[in-house]
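*Asks:* Protein chains in written order, with my numbering: chain A, 71 to 504; chain B, 71 to 504; chain C, 71 to 504; chain D, 4 to 115; chain E, 4 to 115; chain F, 4 to 115.
By construction, the Cβ of each residue, glycine as well, lies at the ideal position given by its N, Cα and C atoms.
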Ligand SMILES: Nc1ncnc2c1ncn2[C@@H]1O[C@H](COP(=O)(O)OP(=O)(O)O)[C@@H](O)[C@H]1O
Ligand SMILES: Nc1ncnc2c1ncn2[C@@H]1O[C@H](COP(=O)(O)OP(=O)(O)O)[C@@H](O)[C@H]1O
Ligand SMILES: Nc1ncnc2c1ncn2[C@@H]1O[C@H](COP(=O)(O)OP(=O)(O)O)[C@@H](O)[C@H]1O
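1. If you drop the 5 nearest sequence neighbours on each side, which residues of the same chain put their C-beta closer than 7 Å to that of residue 431 of chain C?
2. Does at least one heavy atom of ligand 4 sit under 7 Å from the Cβ of residue 484 of chain C?
3. Counting only beta-carbon atoms, is residue 9 of chain F nearer than 8 Å to chain E?
4. Which of the residues in the stretch 315 to 345 of chain C, read from start to end, lie with their CB under 8 Å from any CB of chain A?
5. Please confirm whether residue 116 of chain B and residue 311 of chain B have their CB atoms less than 8 Å apart.
6. Below 6 Å CB to CB, which residues in the same chain sit around residue 327 of chain C once its five sequence neighbours on both sides are set aside?
7. Within its chain, find whatever has a CB closer than 7 Å to the CB of residue 282 of chain C; leave out the 5 residues flanking it on each side and keep chain order.
8. Check the DSSP bridge columns for residue 52 of chain E and list the partner residues they point to.
9. Run down chain B in chain order and give the residues with a C-beta less than 7 Å from the C-beta of residue 21 of chain D.
10. Using a Cβ-Cβ cutoff of 8 Å, what residues of the stretch 24 to 57 of chain D are near chain A? List them in chain order.
11. What is the residue span of the beta strand (DSSP E) that residue 34 of chain E lies within?
12. Given 7 Å as the limit, tell me if residue 65 of chain E has its C-beta closer than that to any heavy atom belonging to ligand 1.
13. From the beta carbon of residue 300 of chain B, is the nearest beta carbon of chain F less than 8 Å away?
14. I want to verify the contact list: residues of chain A whose CB lies under 8 Å from the CB of residue 198 of chain B, in sequence order.
15. Per DSSP, what kind of secondary structure is residue 97 of chain E in: helix, strand or coil?
16. Find the nearest neighbour of residue 262 of chain B within the set B:323, B:334, B:123 and B:273, judged by alpha-carbon distance.
17. I'd like to confirm something about residue 501 of chain A: is its beta-carbon nearer than 7 Å to some heavy atom of ligand 2, or not?
18. Sorry if obvious, but does the Cβ on residue 96 of chain D come closer than 7 Å to a heavy atom of ligand 1?
19. From residue 207 of chain B to residue 233 of chain A, what does the alpha carbon distance come to, in whole angstroms?
20. Keeping to the same chain, check which residues put their C-beta closer than 7 Å to that of residue 466 of chain B; ignore five residues upstream and five downstream.
21. Counting only C-beta atoms, is residue 353 of chain A closer than 8 Å to chain D at any point?
22. If we count the other Cβ atoms within 10 Å of its Cβ and call it buried at 16 or more, is residue 15 of chain D buried or exposed?
23. Counting C-beta neighbours from all protein chains within 10 Å, is the total for residue 485 of chain B 16 or more, i.e. buried, or is it exposed?
24. Less than 8 Å between the beta carbons of residue 105 of chain B and residue 104 of chain C, yes or no?
25. Mind checking if residue 429 of chain B is an interface residue toward chain A, Cβ cutoff 8 Å exclusive?
26. Taking only three categories from DSSP, how would you classify residue 286 of chain C?
27. Using the Cα positions of residue 225 of chain C and residue 5 of chain E, report the straight-line distance between them to the nearest angstrom.
28. Is any heavy atom in ligand 1 found nearer than 7 Å to the beta carbon of residue 81 of chain D?
29. Given that a residue counts as buried once 16 or more other Cβ atoms are within 10 Å of its Cβ, and exposed if not, what is residue 110 of chain E?
30. On the DSSP letters alone, give me the boundaries of the beta strand (DSSP E) that residue 320 of chain A sits inside.
31. By DSSP, does residue 20 of chain E sit in helix, in strand, or in coil?
32. Does any heavy atom of ligand 3 sit closer than 7 Å to the C-beta of residue 42 of chain F?
33. Can you name the residues of chain E whose CB is closer than 7 Å to the CB of residue 185 of chain C?
34. Measuring only between beta-carbons, confirm whether residue 531 of chain C sits less than 8 Å from chain F.
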């Protein structure tokens, strides 16, 4: 159902037939499309840019000044660590054929990318490009989680947590949806990662926020974002980079990519306006943080839908997502009383769920081949719901266990003194001097 | 005469013949070029990046610290609002066939993008891509205007103004030049928007500066740019993104795009050096703001010329533009005595006019098909002049009326107290904490 | 041996046969590949982004606050100046056929790009694109050098130095390796510029640091980086842009580009982790500056290797490069006692040498056509060594002479008062106001 | 000699400097401070979390002056700093026992 | 009247403000400063270069108060600012000769 | 006890700190300030608009000290801060009536 899966299966078939291994056969050369490859090379760069510097800035601007470097360092270090782990095992777990266990994971047959010969083609692009494109997804998803426990986690424990989480949670769920696993087979629609990336990261964030507990002084001290200029730059680069995320998920420079880009732009804009208007009406002022949070909410919500809905569907989806995520990051958070510092769950979790469900509502046969509720296919909403639940349950349990184990072995939080003095100096020995 | 127009007419013809509506016919599939599509997807991302974060930073660094978030919020909110309005009506007004009124506007037949089926091809790229690419132009043009009235306009009135301005001024003028209207028919050369984007935004800025009046303390208080680091980042991203703007206006990854990129780079560099040298000689020091302003002036001036001139023409054009815009942002402004806070007119208006005229001078038959003055075709300069005048007159009058009506209904300026305290807190309830 | 050279020779042959000059002949039209062109247009934008704002920020964050604008202005002004000089003479020197002297330089036959007709094709892309892509390399190489003499050089002398250096050192060495000169003929492997760009810039930096002498107060005063937030953004944009640098050096959107992107990502990540771990073990804390420096070291080291090694080779190469450059920027620098302010030599020089040598070690026949030491071809290491030595010797001598001559004529350093007050105000008349 | 400490609204600084200059008083040292008083702070809301910013931006001017200039100086500052609205600030006068100019070692009146 | 200058740890500011408010003391002026004392600075290492940061972030509070409130104010500050660890800071009391409210021209006690 | 306020050029701070340390004076509080005096500001030009920056960056050092150390301290500061050029700064001495160490409640001489 998803373009990525389709592609993978196609490549798998080719591989099975031995064609891909046959060296520079003519048949393969014919397969590579330079236009599609050009777009996927570009998309990979765009998605990398979403994490560094995009997300690093988005989050870095929202913490207190004493933690800005440490917060940005998390995104940067995650980029490095996930790259290596994806190469070693992640890609294999997510996108290989897992044999009898293929419904659940892809196994380790492609560990260290042993199958990725230079001339291996995946669909119409080099396998090296598909691998790297997917790698950037395996980078940003853990990085999104860091927003939930900002300003209080040990750097060492954070690295261990993220490494395990990517291999144990992210890579398998990716396999379920895009790698030939059971959710893809069930017909769950997730064009670019609403479930795989955003619900997943959001739920992991929520669990982390609970397990780590609140920041010292939460609710009493002034924890206002220290410099929203950074966050605006970050949100802007997220928006721009998201074209690679969504339109890149077409794995081609075709009409599907084009429509994905158009609806991404429309839904994002609608969500930014929607959050702005709701906040303006309820609180009297349209905050800048609200405006950019709304945009991110729209980007999150349109992610699963981007290959399936039309512009009008995207407009409505965006309007809904902006308003619901406003509630997620303000009402819901205060109701439940956890300290999800930068709203990883409030924006990515809530936005991801809204988007996944609305994909089932607004999907159009003429766009992505599958009709949704508005075209009479109510069942699709139910399928989407199953995908959401499977992801939430597995992610929540696994994340909880990983965190608890790490906590027992090496602890999760910095000391009280470190938290008060700030992580920039206490963890990294550096400060911003101005 | 312009690549964009050509493309449009071609698509129009196809549409008229019913081919485009015929679903996934073979004929259409053959039309899509993945390489061209890849480049246009990329160009769209690049032009979006010009506004957010590019222009937001360029302008944000130049205001006083108390207004930095509000200034950046203008670009961000405009991005969201124009996206939705372009989808609702702007694209239709600019690029549809307006029937009997086609010389002046495109009508509303394509409102809400009803004609934009997924597989509709426009030239050799998906219509969805062309629509989104053009959308990014409809975003940056209003955003450019905000430089003229920075630090004093109400956020609400700004949104209303920009929405009306885009629909009443920008979309129709785009139609005149690129959408099949009278200026394109007259042979005006405007490859990427010197007239449509820059003269238009510059003149609207000038009118706004007059209508809104000067900032409190203008000429007495210290209004030095608070952080040129931001402006350097912004100017750099404008430069990089402008490759999408100019080379993207070829609507293909071809020799026209390649030459457009080369001349853009050369003219920009020449203008940066030219402003730097003139300032160094006249004022004793080469300022950083001068260097980046010169680069932007070069980018503006080469915009209409980028598909028509050769490298040497670009070099000379850049050298002239840098020096003339130096005068525009220093001499002219002080002569006329308006407070165009960030020189929307001095750089974009003046640079746009210089560029449009010099396009008529340096155009070469071997590059864009049309000879200019240096190849003996003096008439082209006159045609260019007509295009400039038509744009200035319509834009100035319409902008003035829109502003006056808004002023009557809801006021344009913030209160004196708000202006003194700063717009970040008074309009958005936020401040930069460092 | 190198893709760039291959391409050039191919184009040369075409040119010689008169085809390229023949106007829009059918034969040529057939040659242009829109996918390859799309990727090279994009790559050019990406490499430009590496210098502005990438390198400008990376360096700008590391200096003291009083010099941040001046430091960023160097990268920006260099971008403008090199563009114009490359158009005037650099491209001709580097990539033309120099006739009897072709082993050493390309001559001036293509000065002012007189041979670059609009429809001239170079391999499968427009010559205008190849010229501009290479221009961005001629921009970043001098800009890298500025790190060595940051915070003390006159802006005027810096411009003169860089102009001469690019024409006298960079363009000829580029010709040696990629333009048909003796190093390319000797079989030196340098996919994207390890020798041409990084060793070259690193050595020129080392010489500059010696000739200019230490900063006032070096070793006593606090010269801590004033704002590593800027440096993190810069390093991130360098990483993202480097995809254009390395994968773009395939001059096509093919499997070579794909593999180059994959190994670039892997080596960079490995080097970031490697520097981080070594520093963590030796100094007790993983610094943010270390993390980003490690990433840049990895990018540098994989540059020559990126078209020749496989993922596992890249992983090992990255791990080695991170550790060795850690030593280069900490141990070596203090041993030798020069003040290479921002480690142009410690990172780019050392990393470039490590990368060039390891290219000879890890090259695989299946990837780039040439086997390295691990596949039994020990000779390749020797060839690499020759390339390194030739570059170091010529670059060091020429750089030294250029600097000495400029010093005699106009001086190199700012006055003591200027250095103490800071270059932002004393050279450019501006300061950061916050 | 007396040490005047004046806490005023930031945008009045230039007026005060000019007013003092017209009395021939050029020497002063200025710093950015935050003030709390009758004029209370404001509330900023970030994603639903309210942060009360109790302190408002003010500028503190410190001026060492001789007794004979003191009253004129106080008057000038007061007039130039006044907007008539709450939060205009305060002036405090403290005694100075000794003043030295670093460059020359001159003291007291000569040091100003 | 007396001028209290208290140099404290930054994260105790809010406590001190509240403690003073509960005594009815609202007026104060605050600035970010760097302190040096028994509590020494720290060392930052950038690419092998060690920079000793000799000064630590502190907050300076200045409060003009009447004699009768002085002791209570000092006590309140001391208590609220105290963490018991080195670097908690100092309080200095200086004499004020005159106080003026800019807005009204009121002086001394009335000016607070 | 005395309260020394020294306004100096920023790049002399480290010298002054060392000079005082060699006298055994470690305690001090430092802030970034802007100064105006004989040494006038400079003019910045942005796109033709001239902005006179009337104030120059200075560093203010505050040191509470006992009478017996006062003269040595003043001398040390003066020497270490001096460059001989205009704008070197001033030193003011004010009386302190009371000093308290927050951590222990010790007062006066013991509080330093
Ligand atoms: N007792 C005080 N000690 C020190 N500074 C004070 C005191 N009272 C007020 N200030 C300073 O003066 C500023 C203005 O005081 P405020 O009471 O708000 O207004 P007004 O003086 O107009 O009544 C405050 O923000 C604070 O910086
Ligand atoms: N003699 C002094 N003059 C001015 N400020 C001082 C003096 N001594 C200490 N301070 C300030 O008080 C702060 C705390 O002093 P310190 O000696 O570190 O701790 P403690 O007071 O707990 O012994 C210093 O950082 C400095 O800002
Ligand atoms: N009367 C004064 N009151 C407070 N600060 C002063 C006074 N005069 C000078 N200063 C401070 O001392 C600095 C140096 O004074 P200036 O007159 O420029 O040089 P110099 O002391 O060498 O003659 C000023 O920038 C200002 O910060």
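*Replies:* Let's see:
1. 442, 443, 444 and 451
2. Of the ligands this structure carries, namely ligand 1, ligand 2 and ligand 3, none is ligand 4.
3. no
4. 317, 322, 323, 324, 325, 326, 327, 328, 329, 331, 332, 335, 336, 338, 339, 340, 342 and 343
5. yes
6. 317 and 320
7. 219, 222, 223, 482 and 483
8. E:49
9. By Cβ distance, chain B contributes nothing, its closest Cβ being about 10 Å from residue 21 of chain D, past 7 Å.
10. 47, 48, 49, 50, 51, 52, 54, 55 and 56
11. 31 to 39
12. yes
13. no
14. 325, 328, 329, 331 and 332
15. strand
16. B:334
17. no
18. no
19. 42 Å
20. 273 and 277
21. yes
22. buried
23. exposed
24. yes
25. no
26. coil
27. 53 Å
28. no
29. exposed
30. Neither: residue 320 of chain A is in no beta strand (DSSP E) and is coded neither H nor E.
31. helix
32. yes
33. The contacting residues do not exist; residue 185 of chain C stays about 45 Å from chain E at best.
34. This structure leaves residue 531 of chain C out entirely; chain C is present only between 71 and 504.
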